[in-house]
Amino acid sequence: MLITGVFILLTLFSFIVFIVRGSLKYFLSLFILSAGIIITSVWSLSVLSDNKTVELTLQLPVLQHSLSLVIDRISAFFILVVNITVPVGFLYARGYLKQYSKTKTPLHFSIHYFSYIWLYLSMILVVMIRNGVAFLIAWEMMAVSSFLLVIFDAEDRLIMKTGISYLIQMHVGMFFILVAFLIVEKESGLMSFDALPEYFSKHSNIILFLLFFIGFGIKAGFVPMHTWLPRAHPAAPSHVSGIMSGVMIKMGIYGIVRILISLQNDLLPIGLIILGVSVISALYGVMMAIVQHDLKQLLAYHSIENIGIIGIGLGLGIIGIAEGNHVLSILGFSGGLLHVLNHSLFKSLLFFNAGSVYLATHTRNIEELGGLMKKMPWTAALFLTGSLAICGLPPFNGFISEYLIAIGMFKSLSAADLNQAIVLLSAITGLILTGGLAVFCFTKAFGIVFLGQPRSEKASFAHEADTIMILPELITIIFILLIGLASPLFVRPVIDMAAAAFNLTDSVPASATSLISLSHISILSGIFVVIVTLLLVYRYFHLQRRIVTTGSVWGCGYTASSPKQQYTATSYAYNYNHLAKPLLGTQKIMEEMEEGEIFPGERDFKSFSEDVFRTRVIDIPVDRISGLLKKIAVMQTGEIRHYILYAFVFILLVLLLTFFNLI
Amino acid sequence: MVDYLIILFAVTLIYFASAERLVNYVRLIGIQGLLLFGIAIFELKEINSANMIFIAAETLLIKTIIVPYLLGRIIKRSGVAKVHRQAMPGFYLLILSIFALLFSVIIANLVLNQYINTVFMAIALFTLFTGLLLIVTHKLIISHLIGFLVIENAVFLFSMAVGNRMPMLINIGILLDIFVGVLILGFFGLRLKPRTNELTLLKD
Amino acid sequence: MAVIILIIITALFFPGIILRIKSIASGRKGPGVLQPMKEIAILFRKGSVFGDTSGIIFRISPAISLSAVVCAMMVLPFGNLKAVISFEGDFIFFSYILALGKFFSIIGALDTGSSFEGMGANRETFFSMLIEPAFFILLATFAMFTGHTSFSDIFAGFHISSDHFILIYSILAVYIIIQIAVVENSRVPVDDPKTHLELTMIHEVMILDNSGFDKALIHIGSYLKFAVFGTLLYNVVVPAGINTILQIALFFSIQFVFALTIGLVESFRARNKMNKNPKFILTISAVAWIAFVLILIMTNKLT
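Residue numbers (our numbering), protein chains in the order written: chain A, 1 to 663; chain B, 1001 to 1204; chain C, 2001 to 2303.
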């Protein structure tokens, strides 16, 4: 009763946001969010530590129904993931939204805060609900509230269009999930996640799994269902992009995990499908990310890559169960789920810092930035930490999850037969290639944006972000460093949770060697930090006693150097682009120089890349269908007499057909 | 010993995908002939010494010495040095080659049969695919001929895979194909305009 | 600990041997074998000049890349002795910590705001990205063959098998490791450390603007990396379990032969054309896949 009351109070309070004035809106929303976060965190931590399931039943007064919420270990984990990033985003938003206080009305702000609260509430509800109908209602709330958040800047018509396309694609996903739930209900009469194991034991698993996978995969961003991601994330304001990329797409992963728990047979083909789609997503995501000019679009494509890595972990886990290789399963699932947490941390950090960069320079185009490290040292340091973490480099947290997935694969090699060995080695190659490409991508992103000299005026007049935007990000940094340096603390609960969810608890001791290895990694990372510190301290004292001067950088004798001579982002990706052009469809538009032209005239150069999947899978069919429909639209003449004629013809047709017993 | 030679053979196939100049192709064909000679000597247990001598002569003389020599002369005459005119960048040819290797290993494993030597089967399939890739991705006719010669080597390896004896018929078949190929190209080669950069134009 | 001391001793002589071989091959007498060490001593005495556009990353990146190499050294075993710290999957850590060092040297180069260093940084990232799979495929074949996933365990169990394939497998492994060392340290045929034409270089152009103490750190890091790869070669070639004195002698002779090979290859081979490099590097990964097929045969998975 008390819980019901609290929930109803929270929902009512969110409406009050519309009424309150000025800064009070923000603080009220913050209060509501904090209340929700504290309550759900207490529940989740109690579930994870005591290994019991929290079950609540809400009596909804209006609808005469009761809503049952169940928090088991997987739900608790996802709730904690959400609870860490959402408050950081909201605290960051305080500083970020200041720039809009002059251009937006209070109503805009109310809608924004209201949607933010409801996005948080719907994500929590999605994770806690088992009943199919209620789940879909919560899913829909999530889609609508995120839509309202994305179109915050809808004065720009392009952003409105992007938002609507995003909403449509979310509904396509929901359609697939709805159909899948209906199939389950037809068989067992119950439309719920709990009815799945029974269904799976009686029917072929693959078809229903594919339906769910496509539906949840559209939300998660697997290729080829990812086409909304690279458009929606840059269009949204930065604190929203960080939340969407950090936690909202993980709701798709949550759905897939729920289905995976209930699978009974057909495990090997399903595992191979997940693994194949994930490797392609990872490679495609990072390959497209390298050729982007828009900083936030680059980060959005990178999210697709990380979702691919999570999928690799999950696919390996399923393959392990199918073949009885439980160590592979545990390591794969733990790596994938830990990566869910890690990705939410560093991706949200990167998006927030990209937002600070945009706030300071009013451009997201990498080619116009440069030298921001001197003007925005804190933002640069945070972005650097995020980049190192996302490339999976020690001693940060990305390395731990990639390590878990990789070591699972390596350990299974000696016992594998030929086909398994080839699959494992191909997956290893895919994972390593994405790591290398990620390093390429982020040296480019960090190097071109923050280092060197400013490439345009916008970058030269940048200023550091306000403290209020930097302080919340320190929370994320603390988590990143903790998971990287003290990994066994975090990995042990994740392993226990994954093993319990997939009924592998008897194999947990066999994976204890991984925990020992992780502690060694922590020791080595610590040694690394110590050596770096010692070297830098020695260097400081060494240089004190020497002559240190500054001079100009080597310019090969060229006297009129300018910042425009630096490497640009396109030139940095040039030899990569040359190689990957058949796969990525990058184009450039320029006028070539003619033979006799000695002093070249002024020219324009434009390079861009089209998302191959969006053009082939969505744009071209939509164009064709529109073309077809336009031809049929000839029938819409606008005159009543024609419509009466159509009705008359239709009645005649029905009469004739009934006469001949055809209907 | 035979297994070393087989692995070296597979390595030469990788270098086929990454070679740049036609002269290197010719050298690789010669090396492959030598390796096949070694494999034939160690693997075949023939009672009929005449057959044995014939096979040794065929691989050593024809595949290692005569065919590369003829090809080298044709290349020098026409003055083409590079393997340009590829339909796709060489990088992708190498990636396709790796996929062909994996594919042939999987297929060889599927047709597990006690009468077939799986390793030979896998490498023979790999050779076949490499030859096909060479023909499909290059535009010059001399590259097509080299791909054809590689497929001949694949047939040789296939016949090794299915047993210790090599019937005369297969041998004669291979020899005939080689003769026809090099003969026709030599014929056209003599009729080509000398010193052109094309190996596809005929003398008017 | 012994392995670290041996690596340091090797690194003292390694670059000098390469230089000396190159000089003798071109008919000169050449500098002394300890000449590179003397140059490092000179660098320690000098002060530093920093570009006016470079920032803090430029100043800390040499220290970080050197620390990365030192940490990587700690997971290498030597014969019977285990590594300083050894655990499952330590080669994953080995590769990634070296990648961290490379990340910082690349962004250190980008920090100068000069187009030359950007060129070198771009090429360095690209080529090291292409060579990563070769290293991991080779180590996957090690893991599949010996059933262990730690450097120390792998090399302890490496030569126990009496399969006659082990010889050609070792040859392939040695070839791949030498090529990986060539790419990572930017030697011929991937890059020529002798030419100072920036348009044709990778590594040398990245460190153009470093001076004094930082330059010394970078050189020390690169010499240590050579010795690290030589240690890998030693572990692949020499079986564990023989007499310690013989082991140390073999270690130094193998490092010497490694330096000799690199010196001779540099004297007699031209550098690759820059846009042919990706294909060259991918060939190494392809040969690694062949080694994988070989291991499949050896472990009777492909009978």
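Positions of the beta carbon are idealized from the N, C-alpha and C atoms, including for glycine. The structure presented is a predicted model; accordingly, all values stated were derived computationally and were not measured.
Residue pairing from DSSP places residue 606 of chain A in a beta bridge opposite A/589. Under the criterion of beta carbons closer than 8 Å, residue 218 of chain A and residue 173 of chain A qualify as touching, at roughly 3 Å. Spanning the alpha carbons of residue 405 of chain A and residue 431 of chain A requires a straight line of approximately 9 Å. Within chain B, no C-beta atom comes nearer than 9 Å to that of residue 661 of chain A; the closest sits roughly 56 Å away. Between residue 570 of chain A and the set A/141, A/592, A/288 and A/238, the nearest pair of CA atoms involves A/288.
Identification of residues in the region 1091-1120 of chain B having a C-beta nearer than 8 Å to some C-beta of chain A yields 1091, 1092, 1102, 1105, 1106 and 1109, given in sequence order. Under DSSP, residue 70 of chain A forms a beta bridge with A/55.
Residue 2075 of chain C and residue 2093 of chain C have their C-alpha atoms spaced approximately 9 Å apart. According to the DSSP assignment, residue 548 of chain A belongs to the beta strand (DSSP E) that extends over 548-551. Using a Cβ-Cβ cut-off of 8 Å, residue 2132 of chain C is close to 432, 433, 435 and 436 of chain A, given in chain order. Contacts with chain A at 8 Å (Cβ-Cβ) include residue 2119 of chain C.
The C-alpha of residue 319 of chain A lies about 24 Å from the C-alpha of residue 1101 of chain B.
Residue-level contact by beta carbon fails for residue 2135 of chain C and chain B, as no gap is shorter than 8 Å. Looking at the DSSP output, residue 2049 of chain C bridges to A/549. Remark: fewer than three beta-carbon pairs, one from each stretch, lie closer than 8 Å, so the region 253-273 of chain A and the region 229-243 of chain A are not flagged as touching. When Cβ pairs closer than 8 Å are counted between the two stretches, the region 452-468 of chain A is seen to touch the region 374-390 of chain A, the count reaching three or more. Inter-segment contact for the region 2239-2249 of chain C and the region 2180-2193 of chain C is absent: fewer than three beta-carbon pairs are separated by less than 8 Å. Note that the C-beta distance between residue 350 of chain A and residue 299 of chain A is below 8 Å. By the C-beta density criterion, residue 586 of chain A is buried, having at least 16 other C-beta atoms within 10 angstroms. Rounded to the nearest angstrom, the Cβ distance from residue 452 of chain A to residue 371 of chain A is 6 Å, consistent with a contact under 8 Å. Checking the DSSP bridge columns, you'll see residue 2078 of chain C partnered with C/2081. In this structure, C/2202 is the residue among C/2215, C/2219, C/2290 and C/2202 with its C-alpha nearest to the C-alpha of residue 2115 of chain C. Taking each of C/2298, C/2055, C/2061 and C/2258 in turn and checking the Cα distance to residue 2015 of chain C, the smallest one comes out for C/2258.
Residues of the same chain with a CB within less than 7 Å of the CB of residue 501 of chain A, apart from the 5 flanking positions on each side, are 73, 74 and 261 in chain order. For residue 2113 of chain C, the nearest beta carbon of chain A is closer than 8 Å to its own beta carbon. With three or more CB-CB distances shorter than 8 Å, the region 7-19 of chain A counts as touching the region 116-129 of chain A. Cβ-Cβ distances below 8 Å link residue 1012 of chain B to 1028, 1031, 1032 and 1035 in the same chain, with the five nearest sequence neighbours on each side left out; the list follows chain order. Residue 2205 of chain C is not a Cβ neighbour of residue 2108 of chain C, given a cutoff of 8 Å. The beta carbon of residue 473 of chain A sits closer than 8 Å to the beta carbons of 88, 92, 349, 352, 353 and 382 from its chain, once the five residues preceding and following it are set aside; these are given in chain order. Taking residue 1042 of chain B as the centre and dropping the five residues before and after it, the same chain places the C-beta of 1001, 1002 and 1005 closer than 8 Å to its C-beta, in chain order.
Annotation: the continuous alpha helix (DSSP H) that includes residue 136 of chain A extends over 132-150.
The count of Cβ pairs closer than 8 Å, one atom from the region 2177-2190 of chain C and one from the region 2036-2048 of chain C, stays below three, leaving the stretches out of contact. Contacts between residue 2290 of chain C and chain B, judged by CB atoms closer than 8 Å, involve 1007, 1010, 1011, 1014 and 1101 in chain order. Distances from the CA of residue 616 of chain A to each of A/457, A/441, A/296 and A/226 were compared; the closest alpha carbon is that of A/226. Residue contact with chain A for residue 2278 of chain C: present (Cβ-Cβ distance below 8 Å to some residue of chain A). Around residue 1177 of chain B, no beta-carbon contact reaches into chain C at under 8 Å, the shortest distance being about 27 Å.
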